[in-house]
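J.: Residue numbers (my numbering): 4 to 349.
#1: Please return the same chain residues whose Cβ sits closer than 6 Å to the Cβ of residue 218, not counting the five positions on each side in sequence.
#2: Please report the straight-line C-alpha distance between residue 32 and residue 309, rounded to a whole angstrom.
#3: Assuming residue 123 and residue 182 form a contact by the criterion Cβ under 8 Å, report the distance between their Cβ atoms to the nearest whole angstrom.
#4: Give the DSSP-derived three-state secondary structure of residue 103 in the structure shown.
#5: Taking the alpha carbon of residue 209 as the reference point, which residue from 53, 81, 343, 179 has its own alpha carbon closest?
#6: Would residue 276 pass as a contact of residue 222 if the rule is Cβ separation under 8 Å?
#7: Residue 304 by DSSP, collapsed to three states: which one?
#8: Measure the Cβ-Cβ separation of residue 77 and residue 44 and say whether it is below 8 Å.
#9: Under three-state DSSP, which class holds residue 207?
#10: Based on Cα-Cα distance, which residue from 99, 284, 187 lies nearest to residue 107?
#11: Would you call the region 122-141 in contact with the region 191-200, where contact means no fewer than 3 C-beta pairs closer than 8 Å?
#12: Can you find at least 3 beta carbon pairs, one from the region 107-118 and one from the region 143-152, that sit closer than 8 Å?
#13: Excluding the 5 residues preceding and the 5 following residue 333 in the sequence, name in chain order all residues of the same chain whose CB lies nearer than 8 Å to its CB.
#14: Quick one: any contact between the region 169-176 and the region 294-303, if contact means 3 or more CB pairs under 8 Å?
#15: Nearest to residue 296 by CA position, among 92, 186, 57, 53, is which residue?
#16: Express the C-alpha separation of residue 86 and residue 224 in angstroms, rounding to a whole number.
#17: Excluding the 5 residues flanking residue 154 on each side, which residues of the same chain have their C-beta closer than 7 Å to its C-beta?
#18: List the DSSP bridge partners of residue 254.
#19: Using only alpha-carbon positions, find the residue among 132, 73, 36 that is nearest to residue 53.
#20: Mind checking which residues open and close the alpha helix (DSSP H) that includes residue 323?
#21: If you run the structure through DSSP and keep just helix, strand and coil, what is residue 335?
#22: For the alpha helix (DSSP H) that residue 242 lies in, which residues bound it at each end?
#23: Comparing alpha-carbon positions, which option in 89, 130, 137, 132 lies nearest residue 119?
#24: Three-state secondary structure (DSSP) at residue 248?
#25: Cutting at 8 Å between CB atoms, please list the residues of its own chain near residue 46, excluding the five before and the five after it.
#26: Residue 184 and residue 117 look like a contact to me (Cβ under 8 Å); what is the Cβ gap, rounded to whole Å?
#27: Compute the Euclidean distance between the alpha carbons of residue 139 and residue 245, then round it to the nearest angstrom.
#28: With a threshold of 16 other CB atoms inside 10 Å of the CB of residue 21, please say whether the residue is buried or exposed.
#29: Using three-state DSSP, classify residue 186 as helix, strand or coil.
#30: Indicate the three-state DSSP secondary structure (helix, strand or coil) for residue 50 in the structure shown.
#31: Applying the 10 Å Cβ sphere with the 16-neighbour rule, what's the burial state of residue 339?
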């Protein structure tokens, strides 16, 4: 009996070590991808700058022109892309945990639709306030999130994953219809609306970085604090309650953190799809484990969106396509694969 227990213990320890080895390796790989992506983003664009001159600027020297291009334009854009990718990936991870739906992403809870509607109203009705568009978008995202949670909540029963999904679908449909109506009514302003609703980092500067970083840090810290509870909730609400997890409070906090992260991301970059869907799946597929892998997902989300933005800038140069087009080309086929896989696993 003791021999059997010791063998089981050794196997458990070895399994834990292998898991953490995979996590460390995965974190290292995606971190390297972020570093390489940042350097490539600083060097490549309408005006290519040699890597040596990029390093000169980073170390405090370099020409005035290169410093202006890199420090004032390309560096804040790269940092914003990493932060937005981090926010969307962690938001998707939290939502997949809260709803217990592997196909959940920030668009599911109406946050992105709320941001899109607010931005569309500003561009169509209040063009003089275009500089405040990120603020309006964030407020719209938060209002939509509150509406979804309120609709999904029932007295005495709280919220449920299924009601959250249905409420999110309903809110998305309503807000999408209003956006379509505004685009028809203000057809002369469609180009500006379409570019924002497709996602873009064009023109993003240090002001956008300063606006998003508190939400990135705060949302990530909240997600890290909740990850052990979310892992227990995978077993079901009844089992989680038995193990002392406050299910309704955990669900509310995770939902709030996801909305905060997705709303701040939408306020800076517009609507960028599929990052919150693809990244959590890839991390679980490659590294195994559960929602405890939030830090790896955060870094991977930043890496994926950073490289997507680089492709968006260079693919049709000197023109620039919305980054949402690139993420759609990546995430759309992957979403179809997930649906196909789920069909055969029934």
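Don't be surprised by glycine CBs; every beta carbon is placed ideally from N, CA and C.
T.: Considering the structure as presented:
#1: 263, 267
#2: 15 Å
#3: 5 Å
#4: coil
#5: 81
#6: no
#7: helix
#8: yes
#9: coil
#10: 99
#11: yes
#12: yes
#13: 277, 281, 307, 311
#14: no
#15: 92
#16: 14 Å
#17: 170
#18: Residue 254 pairs with nothing; no bridge assigned.
#19: 73
#20: Unbroken run through residue 323: none, as it is neither H nor E.
#21: helix
#22: 240-245
#23: 137
#24: coil
#25: 52, 53, 54, 57
#26: Their Cβ separation, rounded to whole angstroms, is 16 Å, which puts residue 184 and residue 117 out of contact at 8 Å.
#27: 42 Å
#28: exposed
#29: helix
#30: coil
#31: exposed
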